[in-house]
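Student: Heads up: the sequence shown is residues 0 to 387, going by numbering that gives the first Met the number 0.
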Amino acid sequence: MVSRYEQAFARIVMGDAARPCLAFGKGRVALWTVLRTLGSQGGGEVVIPAFTCEMVPAAVKFAGLRCVYADVAPGGFNAEATELAGRIGPATLAVVCQHTYGIGQDAATMRRLTVRGSPAMIEDCCQVADLPAGPDGPTRLGAVAFFSTQWNKPFSTGLGGMAAFNDPRLHSAVGDMRSSFDRGGDRARARSLAIQGLAYELTVRPATQAAVAEMYRFAQRRGWVRGTNTAGEFGQTMPEDYPCGATNLQAILGLRQLQRWDRNVAHRRMLTGFYLQRLAKIGVDALLPPAARQLALWAVPLLVDNKAELLARSARDALAVATWFDVPPVHLAGATAGQYDYRPGQCPRSEWMVPREIHLPTSPAVSLERAEATWKFLHRHARFTSPR
Numbered sequence: 000m001v002s003r004y005e006q007a008f009a010r011i012v013m014g015d016a017a018r019p020c021l022a023f024g025k026g027r028v029a030l031w032t033v034l035r036t037l038g039s040q041g042g043g044e045v046v047i048p049a050f051t052c053e054m055v056p057a058a059v060k061f062a063g064l065r066c067v068y069a070d071v072a073p074g075g076f077n078a079e080a081t082e083l084a085g086r087i088g089p090a091t092l093a094v095v096c097q098h099t100y101g102i103g104q105d106a107a108t109m110r111r112l113t114v115r116g117s118p119a120m121i122e123d124c125c126q127v128a129d130l131p132a133g134p135d136g137p138t139r140l141g142a143v144a145f146f147s148t149q150w151n152k153p154f155s156t157g158l159g160g161m162a163a164f165n166d167p168r169l170h171s172a173v174g175d176m177r178s179s180f181d182r183g184g185d186r187a188r189a190r191s192l193a194i195q196g197l198a199y200e201l202t203v204r205p206a207t208q209a210a211v212a213e214m215y216r217f218a219q220r221r222g223w224v225r226g227t228n229t230a231g232e233f234g235q236t237m238p239e240d241y242p243c244g245a246t247n248l249q250a251i252l253g254l255r256q257l258q259r260w261d262r263n264v265a266h267r268r269m270l271t272g273f274y275l276q277r278l279a280k281i282g283v284d285a286l287l288p289p290a291a292r293q294l295a296l297w298a299v300p301l302l303v304d305n306k307a308e309l310l311a312r313s314a315r316d317a318l319a320v321a322t323w324f325d326v327p328p329v330h331l332a333g334a335t336a337g338q339y340d341y342r343p344g345q346c347p348r349s350e351w352m353v354p355r356e357i358h359l360p361t362s363p364a365v366s367l368e369r370a371e372a373t374w375k376f377l378h379r380h381a382r383f384t385s386p387r
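(1) Identify which residue in Q293, H170, P73 and G159 has its Cα closest to the Cα of C20.
(2) When we look at the beta-carbon of P167 and count the other beta-carbons within 10 Å, is it buried (16 or more) or exposed?
(3) May I ask which residues mark the beginning and end of the alpha helix (DSSP H) holding S2?
(4) Below 8 Å on the Cβ atoms is my contact criterion, and I expect H266 with L301 to pass it. Report the Cβ-Cβ distance as a whole number of Å.
(5) Hey, P386 and P118: beta-carbon distance below 8 Å or not?
(6) Quick one: residues in its chain with C-beta nearer than 8 Å to the C-beta of T271, no 5 flanking neighbours on either side, listed in chain order?
(7) For the region 76 to 119, list the beta strand (DSSP E) runs that are entirely contained and at least 3 residues long, ordered along the chain.
(8) Just grab the DSSP bridge partners of I121 for me.
(9) Cutting at 8 Å between CB atoms, please list the residues of its own chain near L92, excluding the five before and the five after it.
(10) Could you spell out the range, first to last residue, of the alpha helix (DSSP H) harbouring Y339?
(11) Can you tell me the Cα-Cα spacing of V1 and L30, whole angstroms?
(12) Need the endpoints of the alpha helix (DSSP H) that A29 sits in, please.
(13) Specify the secondary structure class of G244 as computed by DSSP and reduced to three states.
(14) Would you check if the region 311 to 329 and the region 372 to 379 touch, i.e. whether three or more CB-CB distances between them fall below 8 Å?
(15) With DSSP collapsed to three states, give me the class of E53.
(16) If you draw a straight line from the alpha carbon of R10 to that of R262, how long is it in whole angstroms?
(17) State the beta-bridge partners of I47 as determined by DSSP.
(18) Comparing alpha-carbon positions, which option in T81, G101 and I121 lies nearest A107?
(19) G160 bridges to which residues according to DSSP?
(20) N77: buried (16+ other C-beta within 10 angstroms of its C-beta) or exposed?
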């Protein structure tokens, strides 16, 4: 089933049935495996965006490498092009180019990075829902692109990830390493995921989503379910069960989701356009480059000065307002920054944006009527702000 899933992903999402793909238990495990395969045992550095999920620097550290951070570009959400290139040094093993919210990273910069030949470029496509044709689009310039299929990603297998390769030698080496993973815990992982998936189908509705999410976090803290992030992943020692390939259950769920992929993308494109049109009416700049405004974004990002208030009120009213950062990510938090090689203050734009970031999901679960109610809510209550 996993092989069938990988082939279907290549054909439907990548638009290229011959594209080599490998499925993993989580997207971060795909990144970790690539880094290990590239030669992490000899040490080295990985250039990554500071405005990212905390599991990205965690994967770098678990691979035995050092994180080097690039700040977001002024007036944007992707890492600044010149900073990415400027952080490359003799010890750089790889550069992670993240397409934040599905907004494509600057293609010209990515071309310049690939011309160098070394280090390897890894594309973070965990929030990419739209892959436009053309040689410079997401997934086409890096040696490898990795995806997440967690609960709230462009499509979901509950937990899961995928890597798509441009470098056939890297694909072969990563496949060999994945085949060495211990499969002893697969049954338990599949059982836990099945229980969570059934509970999700039975209980999650727009009106119940906030309450169910809090119950899920409680069950995760008590150890009743294997959640998206486990406590061990925030430590300095990699959990023993961290390396994991995809299970047959994840493959079955993925194949089911891929049957709906075209409808998923069309819905996201429609909601992206709807939100941008409504925001423009009230003079709010969504900080998107022109090309991104035509895409099906994973979410439309916004910056506000009353984030906590909006999240609390929107949850009560079952509105489609979310955040990527419930709390400051561990790599930017003062108490834990050193564990992830971050020096507080070195990426000021990212630090400023994290406590102000909200986004408007474009998931098929968000109807046009719910999106309209969400926009009206923001129009009344949001205190929009612009990057410094």
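Note that CB positions come from ideal geometry on N, CA and C, so glycine has one too.
Tutor: In brief:
(1) Translated into positions along the sequence shown, residue 20 becomes position 21. Answer by Cα proximity: H170.
(2) Here residue 167 refers to the residue found at position 168 of the sequence shown. Per the 10 Å Cβ criterion, exposed.
(3) Locating residue 2 in the sequence shown gives position 3, counting from the first residue. Taken as a continuous stretch (DSSP letters only), the alpha helix (DSSP H) holding S2 covers V1 to I11.
(4) Start at 1 with the first residue of the sequence shown, and residue 266 comes out as number 267. Start at 1 with the first residue of the sequence shown, and residue 301 comes out as number 302. Not a contact, Cβ separation roughly 20 Å.
(5) As a first step, residue 386 must be located in the sequence shown, where it is residue number 387. As a first step, residue 118 must be located in the sequence shown, where it is residue number 119. No, the pair does not count as a contact, with Cβ atoms beyond the cut-off.
(6) Sequence index remark: in the sequence shown, residue 271 carries index 272 (1-based). Cβ within range, chain order: R292, L294, A295, L296, V299 and T361.
(7) 91 to 97
(8) Mapped onto the sequence shown, residue 121 falls at position 122. DSSP output for I121 lists V95 and V143 as bridge partner(s).
(9) Counting from 1 along the sequence shown, the entry for residue 92 is found at position 93. Taken in chain order, the residues that qualify are L34, L37, G38, S39, G43, E44, V45, L64, P118 and A119.
(10) Here residue 339 corresponds to residue number 340 of the sequence shown, with the count starting at 1. Element bounds for Y339: n/a, residue is neither H nor E.
(11) On the sequence shown, position 2 is the one that residue 1 refers to. On the sequence shown, position 31 is the one that residue 30 refers to. Roughly 18 Å separates the two Cα atoms.
(12) Position 30 of the sequence shown, counted from the start, is the residue given in the question as residue 29. Note, A29: alpha helix (DSSP H), G26 to G38.
(13) Residue mapping note: residue 244 aligns to position 245 of the sequence shown, counting from 1. Correct three-state label for G244: strand.
(14) yes
(15) Within the sequence shown, residue 53 is the residue found at index 54, counting from 1. E53 falls in the coil class under three-state DSSP.
(16) By one-based count along the sequence shown, residue 10 stands at place 11. By one-based count along the sequence shown, residue 262 stands at place 263. Using only the alpha carbons, I get a separation of about 16 Å.
(17) The sequence position of residue 47 within the sequence shown is 48, counting from 1. According to DSSP, which records beta bridges pairwise, I47 is partnered with Y68.
(18) Sequence index remark: in the sequence shown, residue 107 carries index 108 (1-based). When only C-alpha atoms are compared, the closest one is T81.
(19) Residue numbering aside, residue 160 sits at position 161 when the sequence shown is read from its first letter. According to DSSP, G160 bridges with F23 and S147.
(20) Walking along the sequence shown from the start, residue 77 turns up at place 78. Classification for N77: buried.
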